[in-house]
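**Student:** Going by this note's numbering, the sequence shown opens with residue 1, and the numbers climb by one from there.
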Amino acid sequence: MVSKINELNKLKPKVVSVLKKYGIKKAGIFGSFVRGEHKKKSDVDILVEITDKNMSLLGFARIKVDLEDVLKKKVDLVEYKLIRPELKKIILKEEVRII
Numbered sequence: 001m002v003s004k005i006n007e008l009n010k011l012k013p014k015v016v017s018v019l020k021k022y023g024i025k026k027a028g029i030f031g032s033f034v035r036g037e038h039k040k041k042s043d044v045d046i047l048v049e050i051t052d053k054n055m056s057l058l059g060f061a062r063i064k065v066d067l068e069d070v071l072k073k074k075v076d077l078v079e080y081k082l083i084r085p086e087l088k089k090i091i092l093k094e095e096v097r098i099i
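1. Name the DSSP beta bridge partners of Ala27, please?
2. From this set, Asn6, Gly31, Val15 and Lys20, which residue's C-alpha is nearest Lys89's C-alpha?
3. What does a CB cutoff of less than 8 Å around Leu71 pick up in its chain, not counting 5 residues either side in sequence?
4. Please report the residue range of the beta strand (DSSP E) in which Glu79 lies.
5. The alpha helix (DSSP H) with Ser56 in it runs from where to where?
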């Protein structure tokens, strides 16, 4: 358990600094990092709420690339509103809010 918390505490400031640069005001981490099941090659699953109506797909991709650059890991970036309905309850239950 301590290891899981330490890993999240290491990720959080890096992720938050990138997301704030893009004006993201709501975000969370879910998946293997939250469950403490991540491996060296695991990606980081991040939920974001995009409030900028002018955010393009290219802008969204830039956020993902910037996150991957600072974390040195692949990132699965998901918008809250686009979570698949059959997974929404599970994902939101395990989500750890970071912003």
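Using N, Cα and C, we set each Cβ at its ideal position, and we do this for glycine too. What you are looking at is a predicted structure, and each value in this text was computed from that prediction instead of being measured.
**Tutor:** Taking the structure as given:
1. Indexing the sequence shown from 1 puts residue 27 at position 27. Answer is Val48, bridged to Ala27.
2. The residue labelled residue 89 in the question sits at position 89 within the sequence shown. When each option's Cα is compared against that of Lys89, the closest is Gly31.
3. Here residue 71 refers to the residue found at position 71 when the sequence shown is read from its first residue. Hits under 8 Å: Leu11, Lys14, Val15 and Val44.
4. Indexing the sequence shown from 1 puts residue 79 at position 79. Where Glu79 is concerned, the enclosing beta strand (DSSP E) stretches over Val75 to Glu79.
5. What you label residue 56 is simply residue 56 of the sequence shown in a count that begins at 1. No alpha helix (DSSP H) contains Ser56, which DSSP labels as neither H nor E.
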